[in-house]
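Trainee: Protein chains in written order, with the working numbering: chain A, 394 to 744; chain B, 98 to 662. In this text, a Cβ means the ideal position worked out from N, Cα and C, and glycines have one as well. Since the structure is predicted, the reported quantities are computational estimates derived from the model, not experimental observations.
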Amino acid sequence: MTARLASVLRRLLLPALSLLLLAATPASAEQAVLRVLAWPGYAEPEVVKSFEQQHGVRVELTVVTADATLWEKLNTHSFDVFAVNAAELQRYLAANLVQALNPDAIPNTRKQLARFRDLAAIPGLMRNGKAYAIPFTYAQMGLIYDRKQFTTPPRSINALWDQRYRGKVVAYDGGTHNFSLAAQSLQLASPFRIAPDDFPRAAARLIELRRNALGFYTQPEEANHLFMQHGAALMFANYGMQQVHMLQEAGADIGYVIPQEGALAWLDCWSVTRDAKHMQLAHAWIDHLLDTQASRLLVERQGLSNTLSDDDNGQPKGKSVWLQPPEDTAWREELWSRIRSGDRLSRVLAQ
Amino acid sequence: MRFPIAWRLGLVLVMVGLLGTGLTGYFAYQASREQLVNSSEERLLTATNVLMRQVTVALNDVKADVRLMAQHPQAARILQRSTPGFQALGEDNVAMIFAGLMSVHAEYFQIRLIESANHGMERIRVDRGMGGLLRIGGDDLQEKGHYPYVFETLRLPRDGIYVSRAMINHETGAHAGEDRPALQVAAPIHDANRHAIGLIVVNVDLQGLFAQLAADLPPELKLYLANTRGDYLIHPDPSRSFAFDRGRDARVQDEFPAIAALLTKQAGESWHLVTANLPSSAEALVAAFDQRRIPGMQDGDGFILGLSQPLASVLSESKQLASITLGIVLSFSALSVLLAIFLARAFNRPLYRIVEEVRRFSVDGKIGSLPVERKDEIGELAYSIMQMEKQINHQIEDLQMQQEMLDHLASHDSLTGLPNRRMFLGRLEHALARAKRQNQQLLLLFIDLDNFKTINDTHGHGAGDAVLQAVAQRLRTLLRESDTAARLGGDEFIILFEGEWNGAQIEQMVLKVKTALATPIPYRDIELRSGGSIGHSRFPQDGSTSSTLIAAADQAMYHCKADKA
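1. Quick one: measure Cβ to Cβ for B/N374 and B/A385, integer angstroms, because I've assumed they're closer than 8 angstroms.
2. Would you please verify whether the beta carbon of B/G327 is less than 8 angstroms from any beta carbon of chain A?
3. Evaluate B/L529 with the Cβ neighbour count: other Cβ atoms within 10 Å of its Cβ, from every protein chain shown; 16 or more gives buried, anything less gives exposed.
4. Could you work out which residues of chain B lie near A/R740, taking near to mean beta carbons separated by less than 7 angstroms?
5. For the alpha helix (DSSP H) that contains B/G424, what are its first and last residues?
6. Are the CB atoms of B/Q417 and B/V383 within a distance shorter than 8 angstroms?
7. Are the beta-carbon atoms belonging to A/K541 and A/L607 less than 8 angstroms from one another?
8. Between the beta-carbon of B/G242 and the beta-carbon of B/H216, is there less than 8 angstroms?
9. By the DSSP assignment, the beta strand (DSSP E) with B/R389 in it spans what residues?
10. Please identify, using Cβ separations under 7 angstroms, the residues of the region 606-618 of chain A that lie next to chain B, in order along the chain.
11. Tell me the DSSP secondary structure of A/T545 in three-state form.
12. DSSP three-state label for B/L263, please.
13. Is the CB of B/P245 under 8 angstroms away from at least one CB in chain A?
14. Between the C-alpha atoms of B/Q168 and B/D224, what's the straight-line distance to the nearest angstrom?
15. Could you tell me which whole beta strand (DSSP E) segments of length 3 or greater appear in the region 500-568 of chain A?
16. Specify whether the region 602-614 of chain B and the region 566-580 of chain B touch according to this definition: at least 3 beta carbon pairs, one from each stretch, less than 8 angstroms apart.
17. Taking 7 angstroms as the limit between beta carbons, can you name the residues of its chain near B/W368, skipping five residues before and five after?
18. Enumerate in chain order the residues of its own chain whose CB-to-CB distance from B/P617 is below 8 angstroms, with the five nearest sequence positions on each side excluded.
19. Given a cut-off of 8 angstroms, decide if B/M166 and B/I258 are closer than it, judged by their beta-carbon atoms.
20. Mind checking the region 582-607 of chain A against chain B and listing, in chain order, the residues whose C-beta falls within less than 7 angstroms of any C-beta there?
21. By DSSP, does A/L406 sit in helix, in strand, or in coil?
22. Excluding the five sequence neighbours on either side, which residues of its own chain have a C-beta within less than 7 angstroms of the C-beta of B/Q652, listed in chain order?
23. Under 9 angstroms between beta-carbons, which chain A residues line up against B/R220? List them in chain order, please.
24. Here's a check: name, in chain order, each residue in its chain whose Cβ is nearer than 8 angstroms to the Cβ of A/A416, leaving out the five neighbours to either side.
25. Does any CB atom of chain A fall closer than 8 angstroms to the CB of B/E240?
26. To the nearest angstrom, how far is the alpha carbon of A/S664 from that of A/L427?
27. Against chain A, with Cβ distances strictly below 8 angstroms, would B/G270 count as a contact?
28. What's the C-alpha gap between A/L494 and B/V411?
29. Is there a Cβ from chain B that is less than 8 angstroms from the Cβ of A/S578?
30. Please tell me whether A/G735 has its Cβ less than 8 angstroms away from any Cβ of chain B.
31. Have a look at A/P547 and A/W678 and give me their C-alpha separation to the nearest angstrom.
32. With a threshold of 16 other CB atoms inside 10 Å of the CB of B/M112, please say whether the residue is buried or exposed.
33. Going by DSSP, what residues sit across from B/H509 in a beta bridge?
34. Just list the residues that DSSP pairs B/S630 with in beta bridges.
35. Quick check on B/D346 - is its C-beta less than 8 angstroms from some C-beta in chain A?
36. Chain A partners of B/R178, CB-CB under 7 angstroms?
Shown next, in the form of structure tokens:
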């Protein structure tokens with residue numbers, strides 16, 4: 394028998410056998426199972442293990458890497474607790490997939506920074522006076538600049554449009570965020586509520602950005618490549634500190650600033666599903682994840698910010714503009730795809 | 098003989114036969130199956146390698162087309178703008194070249210000439226549309242300066258070629274190519290001062306290209322294409338193709354775990370392997386993968402090309418093999434059983450014949466037929482047994498002869514050859530019994546030789562023996578078949594006559610005997626003279642038992658001798 398064939402058989406047979414064994418072993422009915430849906434790095438193995446030991450339960454962890462997958466999983470499978478960003482949470486609320494939780498039952502919330510404790514001040518976390526999510530981690534989308542090309546750090550978001558850096562600006566390929574940026578640049582009332590009359594201005598602003606830009610990226614690796622290979626001067630950091638770390642590791646001499654208009658920022662929270670079986674356990678899980686162990690690992694391993702301390706990450710201080718569901722995502726994306734494709738304003742605005 | 102040796106031998110032969118054919122069949126099957134699986138894996142890998150080579154060749158053709166167009170003097174002239182009349186004519190000519198190429202190459206979605214000025218404005222563009230080729234112009238032309246295929250190509254030397262990573266083309270207004278997987282292949286257009294002033298870019302229909310290349314593959318083979326990160330670009334399940342473009346993960350290493358190690362260890366290098374998919378998958382597959390870098394492709398990217406075949410179809414050939422092998426094993430087993438039965442019978446039959454013969458011989462002692470004609474051990478055994486039988490018969494004959502001799506010796510007098518006293522008494526008893534039953538008479542004559550002692554003393558024992566022998570001879574001549582003469586010992590003889598005897602007849606007989614005894618007996622040079630005294634007794638007159646009858650005759654003889662004296 395060839396080793397290859399043997400390994401094929403091993404792969405086919407062993408799992409089948411172990412399935413049989415599993416089926417033959419009666420599951421211990423006493424041990425509760427907490428079903429957790431999270432993003433990579435949120436629930437590190439040692440964090441899961443210490444929770445299991447402290448509570449005598451088993452954690453069934455499922456990891457997702459995309460908003461779409463999270464939405465699909467939660468609609469097709471049963472979970473107790475999951476991590477979702479504040480803007481995305483709105484559609485889960487609308488679909489009645491989450492239930493209210495009790496922040497008092499999560500003692501570690503008292504260790505959180507004041508701005509994360511005040512749930513009412515963060516748009517989208519509360520509804521009808523009830524809390525639906527507890528902030529866990531966040532990232533701001535600041536500006537990365539090349540120290541050699543900037544004598545003084547850029548201060549405003551408008552630096553992206555600065556003609557002096559024409560062909561040296563790297564921006565993100567996403568209509569929702571880009572229209573928010575354009576709104577900030579145009580000093581519109583809210584980045585997430587662009588009035589219909591303001592769209593032509595915003596679109597024109599984004600065409601200007603396109604003409605000023607070297608290129609647009611979707612993945613951090615792409616951004617890194619563009620920035621390093623083409624001598625870029627300025628970059629909108631959609632992935633925040635993660636990109637800063639990547640560029641610094643690649644040897645770039647860069648700085649990172651939060652623009653005076655405030656940085657768009659996403660905030661990931663823990664929520665409890667409507668059909669959660671173990672409410673108490675779900676609260677205990679959230680409390681465990683807000684403990685120092687999990688919060689420290691979040692910074693050390695993922696380069697993300699935790700909600701306990703400001704000083705861990707070397708992140709510049711500055712205003713966060715928490716992402717909110719925009720007035721019309723589809724329209725923003727439609728317009729952006731035309732702008733991105735190189736159409737001139739008349740074509741962009743054509744119905 | 099409940100379990101004859103021949104049967105046991107047959108059984109052993111059958112078992113050896115079954116074991117032999119069974120083991121041969123099993124190992125032949127194992128070896129052939131391994132070869133079959135190996136060769137089908139080999140075929141799969143070869144097909145993958147060949148396909149990969151075709152991909153490289155096809156891409157080289159595209160590159161050659163792009164380079165040819167970019168280096169055509171007309172391309173640079175258009176970008177440098179001559180008089181409007183010439184300009185329009187030149188642009189029409191180039192568009193015609195584009196259209197010509199696209200009509201030959203069904204896999205080209207779009208060919209464009211883009212200038213570096215005006216934010217990378219498209220100058221000439223031919224798209225593939227639903228109804229055919231479209232020359233795009235006016236407001237529909239777009240600024241493309243921010244796309245990597247523009248800014249990366251403009252940085253290249255005159256001979257440089259840009260090949261984009263495989264991606265979904267989300268540029269609006271791209272007609273047939275919009276939201277379809279594509280590769281962009283571009284080459285810069287340089288002016289006389291070696292400044293890049295524009296570029297030619299061809300959008301290649303990825304699926305169309307691979308559909309063409311894979312058209313000749315057997316339908317059971319499924320095509321996989323991934324980038325070197327493992328993201329599927331083409332997958333039998335369309336929902337897994339370009340999943341990353343929809344914010345999802347679908348990677349070759351998740352379905353074929355053996356690839357994961359190669360992706361991390363040999364990133365960017367060429368490798369190929371044959372592997373199987375995850376056991377949890379609905380259908381077990383054997384797949385061959387080949388990774389190559391595509392020269393000029395962004396980020397050193399390339400393709401992982403794979404072909405899969407259901408494991409069941411790989412093994413189906415070996416199933417066929419198994420049934421053939423089983424058939425062969427079964428028929429040879431049957432043959433070995435038949436052979437064993439035949440051998441057992443061939444061995445058993447002569448043995449059985451020998452056994453029967455020996456059994457019969459022990460009953461009747463006659464030598465029958467044995468398979469002595471055989472030239473083997475059985476023939477030898479039969480011959481030995483026949484010899485043994487002959488010897489036994491011979492010895493039995495000897496024994497019988499000796500027995501007869503011993504019987505004679507025990508019942509006859511060795512000197513005269515006449516019955517001795519023991520035998521005579523026996524005959525007398527028989528005769529008495531018969532006479533009593535049939536009311537017949539018996540006559541006994543008791544004879545005692547005269548002068549015997551004197552002859553012995555005078556002429557020696559030889560003379561005495563001669564006298565005794567002569568007397569016996571003469572008595573014999575006087576007797577009938579039914580009469581018995583015997584020597585009772587020493588010089589005493591006795592004769593038994595059966596039948597009626599009157600006095601005269603007795604006197605006559607006594608006289609005859611006396612005369613015979615009185616006749617001189619020649620001995621060497623002399624004549625010996627003996628003679629005898631005779632007494633007689635009769636049944637039933639003189640006694641009814643043998644002893645009384647003998648005693649009566651003896652008594653009578655004694656009186657006679659006394660009278661003589």
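Mentor: The structure says:
1. The pair is not a contact, with the Cβ atoms about 12 angstroms apart (cut-off 8 angstroms).
2. False, the Cβ-Cβ gap to chain A never drops below 8 angstroms.
3. Per the 10 Å Cβ criterion, buried.
4. Correct list: D236.
5. First-last of the alpha helix (DSSP H) with B/G424: L408 to D461.
6. Against a cut-off of 8 angstroms, the Cβ pair of B/Q417 and B/V383 comes out as no contact.
7. Cβ distance not < 8 angstroms, so A/K541 and A/L607 don't count as in contact.
8. In contact: B/G242 and B/H216 (Cβ atoms closer than 8 angstroms).
9. Unbroken beta strand (DSSP E) run through B/R389: L382 to R390.
10. The region 606-618 of chain A vs chain B, Cβ under 7 angstroms: A606, L607, G608, F609 and H618.
11. Residue state, collapsed to three classes: coil.
12. According to the sequence displayed, residue 263 of chain B carries Ala and not Leu. It is coil, neither helix nor strand.
13. Yes, B/P245 counts as interfacial toward chain A.
14. So the two alpha carbons sit approximately 21 angstroms from each other.
15. The region 500-568 of chain A contains these whole beta strand (DSSP E) runs: 527-534, 536-539 and 562-565.
16. With a cut-off of 8 angstroms, the region 566-580 of chain B and the region 602-614 of chain B count as touching, because enough Cβ pairs lie within range.
17. Hits under 7 angstroms: L359 and Q388.
18. So the list reads E624, L625 and R626, once near-sequence residues are dropped.
19. At least 8 angstroms separates the beta-carbon of B/I258 from that of B/M166.
20. The residues in question are R603, R604, A606 and L607.
21. Below a pLDDT of 50, predicted positions are generally treated as unreliable, and A/L406, at 43, falls in that range; the measurement from the model is reported next regardless. Reduced to three states, the DSSP call for A/L406 is helix.
22. Around B/Q652: G632.
23. For B/R220, no chain A residue has a C-beta closer than 9 angstroms to its own C-beta; the minimum C-beta separation is roughly 13 angstroms.
24. For A/A416, the pLDDT reaches just 42, beneath the cut-off of 50, and the residue's location in the model is therefore unreliable, although a value from the coordinates is still provided. Here the set comprises nothing.
25. It does; some Cβ of chain A falls within 8 angstroms.
26. Whole-angstrom Cα-Cα distance: 13 angstroms.
27. Yes, B/G270 lies at the interface with chain A (some Cβ there is under 8 angstroms from its Cβ).
28. For A/L494 and B/V411, the distance between alpha carbons rounds to 56 angstroms.
29. Not an interface residue.
30. Yes, A/G735 lies at the interface with chain B (some Cβ there is under 8 angstroms from its Cβ).
31. Computed Cα separation, rounded: 41 angstroms.
32. Counting Cβ neighbours within 10 Å, B/M112 comes out exposed, since fewer than 16 surround it.
33. Looking at the DSSP assignment, B/H509 forms a beta bridge with B/P516.
34. Beta-bridge pairing links B/S630 to B/D545.
35. Answer yes: the Cβ-Cβ gap between B/D346 and chain A drops below 8 angstroms somewhere.
36. Annotation: B/R178 has no Cβ neighbours in chain A at a cutoff of 7 angstroms; minimum Cβ distance is about 20 angstroms.
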